[in-house]
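Have a look at the structure below, then the notes.
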Amino acid sequence: MSPGPGHFLRLAIERATAGAAGGEGGPFGAVVVRDGQVIASGCNQVTSLKDPTAHAEVQAIRAACRALGTFSLDGCEVYASCEPCPMCLGALYWARPRAVYYAATRADAAAAGFDDALIYEDLARPLEQRRLRLERVALPEATEPFTAWLALGSRIPY
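If you read the sequence shown in our numbering, its first letter stands for residue 64, the second for the next number, and so on.
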């Protein structure tokens, strides 16, 4: 019988604590599990790697996909020490695990200085009202990459 979610969440919390105490980055950790076995783990390494995308969930996804030799976490669960931010949530959707479990909430993260509320609020606004300027520049060749993709007989759908 495999351990329950609490066991793997504790591992994610341990990874978060060790990463934060070791100066790797923010206080976040994640563990990827398949068939009751830990495939990979990650902690936030934004400051140590100088990479704003090096969040715990993204690092764990990358490590798990390398370990499994695939780009999909089909059949896996992800355990995160905290509720995923919008970027990590997007990465998790693309990775397609069967479930994501988390321990602390976004309110807990905000109390420690990690507030995603701005992003969530901004995403709800129309494009022209968002803080980050996002503007389409229409070019005739804009869809050429899609045409090349669709013409590729050996493409791997995802």
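Note that beta-carbon positions come from the ideal geometry of N, C-alpha and C, so glycine has one too.
None of the values given here were measured: they were computed from a predicted structure.
Smallest Cα separation from residue i: which of the options?
i, options, result
"G89", "L213, F177, R196", "F177"
"G86", "T133, E120, A166, V109", "V109"
"D98", "P208, A162, R218", "A162"
"E77", "E146, H118, A93", "A93"
"A158", "C139, Q100, A119", "C139"
"Y221", "P149, A167, L136, A201", "L136"
"A173", "A84, L72, A81, F91", "F91"
"G67", "A81, V96, A83", "V96"
Where residue i and residue j are concerned, what is the direct C-alpha to C-alpha distance, given to the nearest angstrom?
i, j, result
"R194", "A126", "33 Å"
"R27", "R199", "Outside the modelled stretch of the chain, which goes from 64 to 221, sits residue 27, for which no answer is possible."
"A79", "I182", "22 Å"
"V121", "C151", "6 Å"
"P147", "G132", "24 Å"
"V141", "G105", "11 Å"
"L213", "A201", "21 Å"
"Q192", "P203", "27 Å"
"R218", "L155", "22 Å"
"A130", "T210", "32 Å"
"T206", "L215", "15 Å"
What are the boundary residues of the alpha helix (DSSP H) that residue i is part of?
i, result
"R97", "Unbroken run through R97 is the beta strand (DSSP E), 92 to 97; no alpha helix (DSSP H)."
"A205", "It is not in any alpha helix (DSSP H) - A205 carries neither H nor E in the DSSP assignment."
Thinking residue i and residue j are a contact (beta carbons under 8 Å), I'd like their distance in whole angstroms, please.
i, j, result
"L197", "L186", "Between L186 and L197 the Cβ distance is about 11 Å, and since that is not below 8 Å, they are no contact."
"Y165", "A180", "That belief does not hold up - the Cβ atoms of Y165 and A180 are roughly 17 Å apart, past 8 Å."
"D171", "C145", "7 Å"
"V101", "L74", "7 Å"
To which residues does DSSP link residue i through a beta bridge?
i, result
"Y165", "A143"
"A103", "V95"
In terms of residue numbering, what span does the beta strand (DSSP E) encompassing residue i cover?
i, result
"C148", "It is not in any beta strand (DSSP E) - C148 carries neither H nor E in the DSSP assignment."
"Q122", "Where Q122 is concerned, there is no enclosing beta strand (DSSP E), although the alpha helix (DSSP H) it sits in stretches over 119 to 131."
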